[in-house]
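For reference, the structure discussed in these notes is given below.
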Amino acid sequence: MHRIAIVGGGTGGTVLANRLASELRRELEAGEVEVRLITADPNHVYKPTFLYVPFGEKTVDDATRPIEELVDRRVTLTVDEVTGVDTERNRLSFADRTTSLHYDQLVLATGATLAPETVPGLAEGGHHFYGPDGAERLRDELADFTEGHLVLSVVGVPHMCPAAPVEFTLMVDDWLRERGRREAVDITYTYPINRAHGLESIADWATDLFAERDINLETFFNVDEVDPDAELIETVEGDELGYDLLVAIPPHRGSDLVTDAGLGEDGWVDVDRHTLEATAADDVYAIGDVADVPTSKAGSVAHYEAGVVADRLASRARGETPTATYDGKTVCFLEAGMDEATFIEFAYGEEPYVREPSKPLHWAKLGYNESYWLTARGLL
Amino acid sequence: MTAVTEPDVTIDSRGATCPGPLMDLIGKVKSLDPGTVVELQTSERNSTTDVPEWLEKAGHDLLEIEERDDHWNIYLEVD
Ligand SMILES: Cc1cc2nc3c(=O)[nH]c(=O)nc-3n(C[C@H](O)[C@H](O)[C@H](O)COP(=O)(O)OP(=O)(O)OC[C@H]3O[C@@H](n4cnc5c(N)ncnc54)[C@H](O)[C@@H]3O)c2cc1C
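Protein sequence lines correspond, in order, to chains A and B. Quick note on numbering: the first sequence equals residues 1 to 380 in our numbering. Quick note on numbering: the second sequence equals residues 1 to 79 in our numbering.
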């Protein structure tokens, strides 16, 4: 029996398991192959929903579905936390079990971990919308925030969904205008490098929009420390910025599993950017946020990578040479306010073109979010 | 500019795309003492402009940019 193990039941792992269930249908039914999805959380979480929670447009419940409702019945589902990967012996270990699990091929799809604690004062002084609790607390804070200085600070790069900080800033501007509070609130957006975003075309687009909408922009702004009592941010560059409400994109790291297994630094798996095979071990792949490839940490990336890796795993399971490769395809919708959005698409080495924002694109983004559950099931 | 032969710290960011090398440098400089000489290895052409701009803003000294066959070595001294 050829055993394929996938660790992580988020966007990448779920799409991959379902793709394999259909590509290897005959082998699975004949008992020649096993596809096992191992995930720590009994729920699947669709994180893009969190962007709408602070504005009261979605709830955390809207982001969550039981994982067992989403995976094909031919996939063996195990809800458990993997605590060790032995790439020499092709085995996985678990927190509360003495037995380990053998794999012939392994895919790590464990996502990214938030690490606000790595910046002094950030956890106490800052809010974020990158997780369920943070998004709910920010919703309550924002509901009462009627005047003062709102700072959106991108503290860590890389982070999930590079578009989200720009989107939040444009949305909060619009949201405050709708409430007649924009005059009483100053908004500042900060970014670590010398422009508003890592991708130049998005940086140019955002810089123009920020200027039009009276949003201050601070670049080369690397947060060193937050003083929650004084409500002050100090930067590595020696600047200080006061705030009344700080919304910070916290630093991210990958998974301890990865570092412990010697698969990559900071918990991101070093992979070949086209085959997605780990460079430090055989029979190991990584997809989604945990894979260190030069594109965005986005659900669309996890989705396209899952398609490529499904083909490669299926070929190997059948004893064929894998040929499918990933070209860096990335697709993102970007909200430009509460009721208009734009859309970008690019691959490795390409600069995206940012279209004029429109209402139909905003509805397309919301429509995509609704149909996501079909995507996760492998139906779209 | 002085020629630098013996950096105290080397950061290998070859292969990383923009803004990777600059972010690697910023992450590291935070933990270094004044006077430390750093060598940043980068294969991203943008680093040769982004990094000097950041050094100027953050008050560190650019010592030298050396062009190699497939990458650049940027030397700086932490202020
Ligand atoms: C606010 C916000 C908005 C976003 N908006 C967009 C958007 O508009 N478009 C877009 O494309 N992307 C967006 N993203 C990014 C997108 O959500 C992620 O890129 C995507 O979820 C990555 O998928 P993944 O499978 O790599 O990881 P995840 O979906 O994070 O899943 C990781 C899974 O691994 C499990 N796991 C972790 N460690 C272990 C372990 N040791 N053992 C077992 N299981 C484990 C976790 O429980 C989880 O189920 C957004 C993200 C955020 C936070």
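Glycine residues also receive a C-beta, built at the ideal position from the N, C-alpha and C atoms.
Notebook entry, point to check: Would you say the segment 90-104 of chain A touches the segment 287-299 of chain A, given that touching needs at least three Cβ pairs under 8 Å?
Noted result: no
Notebook entry, point to check: In terms of alpha-carbon separation, which member of 69(B), 42(B), 61(B) lies closest to residue 35(B)?
Noted result: 61(B)
Margin query: Between which residues of its own chain and residue 184(A) is the CB-CB distance below 7 Å, once the five residues before and five after are set aside?
Written below: 146, 147
Item checked: Residues bridged to residue 332(A) [DSSP beta-bridge criterion] -> 344(A)
Notebook entry, point to check: Relative to chain A, which residues along the segment 25-58 of chain B have a C-beta separation below 8 Å, given in chain order?
Noted result: 26, 29, 30, 50, 53, 54, 57, 58
Next item on the list: Report whether the distance from the Cβ of residue 337(A) to the nearest heavy atom of ligand 1 is below 7 Å.
Entry: no
Note to self: Can you tell me whether residue 394(A) sits near ligand 1, meaning its C-beta is under 7 Å from at least one heavy atom of the ligand?
What the structure shows: Look at the range of chain A in this structure, 1 to 380, and you will see that residue 394(A) is not part of it.
Check: Which residues, in order along the segment 334-364 of chain A, keep a beta-carbon less than 7 Å from a beta-carbon of chain B?
Finding: none
Check: Cβ of residue 10(B) less than 8 Å from any chain A Cβ?
Finding: no
Item checked: Min CB distance residue 19(B) to chain A below 8 Å -> yes
Check: Is residue 378(A) near ligand 3, in the sense that its beta carbon is under 7 Å from a heavy atom of that ligand?
Finding: Absence of ligand 3 from the depicted structure is noted, with ligand 1 being the only ligands included.
Note to self: Can you pull the chain A neighbours of residue 62(B), defined as C-beta to C-beta under 7 Å?
What the structure shows: Per Cβ cutoff of 7 Å: no residues; residue 62(B) is ~15 Å from chain A at best.
Next item on the list: Since I believe residue 72(A) is in contact with residue 109(A) (beta carbons under 8 Å), could you give me their beta-carbon distance rounded to a whole number of angstroms?
Entry: That pair is no contact at about 16 Å.
Next item on the list: With a cut-off of 8 Å on the beta carbons, I'd call residue 169(A) and residue 191(A) a contact; round off their distance for me.
Entry: Residue 169(A) to residue 191(A), Cβ: 11 Å. No contact.
Checklist line | Proximal residues, the segment 175-209 of chain A versus chain B, C-beta separation under 7 Å | finding: 192, 193, 194, 198
Notebook entry, point to check: Roughly how many angstroms separate the alpha carbons of residue 125(A) and residue 329(A), rounded to a whole number?
Noted result: 37 Å
Checklist line | Other residues of its chain near residue 65(B): CB distance less than 8 Å, five sequence neighbours each side excluded | finding: 48, 52, 72, 73, 74, 75
Notebook entry, point to check: Hey, would you say residue 17(A) sits closer than 8 Å to residue 37(A), going by beta carbons?
Noted result: yes
Checklist line | Buried/exposed call for residue 292(A), threshold 16 Cβ in 10 Å | finding: buried
Check: Any heavy atom of ligand 1 within a distance shorter than 7 Å of the CB on residue 116(A)?
Finding: no
Margin query: What residue range does the beta strand (DSSP E) around residue 227(A) cover?
Written below: 223-227
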